[in-house]
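Participant: Sharing a structure below in structure tokens format, with a few things to ask.
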Amino acid sequence: MGLVEDFNAYRSKMNDKIMDSDSLIIKRIFNLDTNAYTEGHLDLKSKELIGLTCSLVLRCDDCVKYHLGKSKEVGLTTEQVQEAMGIATLIGGTIVIPHLRRAFEYWEELNHV
37 MGLVEDFNAY
47 RSKMNDKIMD
57 SDSLIIKRIF
67 NLDTNAYTEG
77 HLDLKSKELI
87 GLTCSLVLRC
97 DDCVKYHLGK
107 SKEVGLTTEQ
117 VQEAMGIATL
127 IGGTIVIPHL
137 RRAFEYWEEL
147 NHV
């Protein structure tokens with residue numbers, strides 16, 4: 037399988053295991069996360085760009101992959117995604133560059149699926 041399929045399969049499998057647990061705290065955190073990314077005063081595209089940039093600055097590759105997938109789903113263009121990733125790199129500094137490389141690779145694969 038490719039990067040996208042591997043990531044989505046693993047994420048889905050592990051989320052199912054997590055949701056089968058008895059942890060009310062974890063379930064509430066997942067619910068809060070889901071609700072935070074619904075349409076509100078900010079549109080979905082803006083929220084995904086915020087999620088993507090924060091994930092890059094925090095250097096969370098899984099989060100970056102997730103938000104790149106959602107960015108594709110909501111119709112963001114390569115130019116919009118790359119501009120947001122540029123801002124994240126500016127804010128996060130050069131330590132973000134390795135994550136930026138993986139983000140570019142993942143976005144390319146998303147666009148060839």
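Just so you know, the sequence shown maps onto residues 37 to 149 in our numbering. Where a beta carbon is used, it is the ideal one built from N, C-alpha and C, also for glycine.
Do Gly128 and Leu92 have their C-beta atoms closer together than 8 Å?
Facilitator: Looking up residue 128 in the sequence shown gives position 92. Looking up residue 92 in the sequence shown gives position 56. Yes, the pair counts as a contact, with Cβ atoms nearer than the cut-off.
Participant: Could you give the distance in angstroms between the alpha-carbon of Gly87 and the alpha-carbon of Lys106?
Facilitator: In the sequence shown, counting from the first residue as 1, residue 87 sits at position 51. In the sequence shown, counting from the first residue as 1, residue 106 sits at position 70. Their backbone Cα atoms lie some 10 Å apart in a straight line.
Participant: Please report the distance separating the alpha-carbon of Glu144 from that of Thr114.
Facilitator: As a first step, residue 144 must be located in the sequence shown, where it is residue number 108. As a first step, residue 114 must be located in the sequence shown, where it is residue number 78. Those two C-alpha atoms are separated by around 9 Å.
Participant: Under 8 Å between the Cβ atoms of Leu112 and Lys81?
Facilitator: Here residue 112 refers to the residue found at position 76 when the sequence shown is read from its first residue. Here residue 81 refers to the residue found at position 45 when the sequence shown is read from its first residue. Closer than 8 Å, so yes.
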